[in-house]
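Input: a single structure, listed below in structure tokens.
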Amino acid sequence: MTNTPKKNTVVKKAVPPAKHCPYCNEEMQALNLPVCQACHTEVQYCPHCGLPLNKGTNTCKTCGH
Numbered sequence: 003m004t005n006t007p008k009k010n011t012v013v014k015k016a017v018p019p020a021k022h023c024p025y026c027n028e029e030m031q032a033l034n035l036p037v038c039q040a041c042h043t044e045v046q047y048c049p050h051c052g053l054p055l056n057k058g059t060n061t062c063k064t065c066g067h
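Going by the numbering used here, the residue at position 32 of the sequence shown is 34; the numbering climbs one at a time, nothing skipped.
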């Protein structure tokens, strides 16, 4: 058996999913702003995991903090 040269393969990095507003489900354009650009609603983020909190809740549904 002869060794065949391996083809150069490009490894694609996984692109993280876009962040969406929990109220209107539109993609968040400016993640550094506390306000959704589409629906003009203030979005609060979990200080532990960084995901947006549901409207009217103080605890994160993902991590429980």
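Glycine included, C-beta positions come from ideal geometry on N, C-alpha and C.
I believe K57 touches P24 by the beta-carbon criterion, under 8 angstroms. Please report the beta-carbon distance rounded to the nearest angstrom.
With 8 angstroms as the limit, K57 and P24 qualify as a contact, their Cβ atoms being about 7 angstroms apart.
Give the DSSP-derived three-state secondary structure of E28 in the structure shown.
E28 falls in the coil class under three-state DSSP.
In terms of DSSP beta bridges, what is H67 paired with?
Its beta-bridge partners do not exist; DSSP assigns none.
Output needed for K21: all residues of its chain with C-beta closer than 8 angstroms, excluding positions within five of it in sequence on either side, in chain order.
Cβ neighbours of K21 beyond the five flanking positions: E29, M30, L33 and P54.
Which class does P54 belong to by DSSP, given the choice of helix, strand or coil?
In this structure, P54 counts as strand in the three-state DSSP scheme.
According to DSSP, simplified to helix, strand and coil, what is H42?
Coil, per DSSP.
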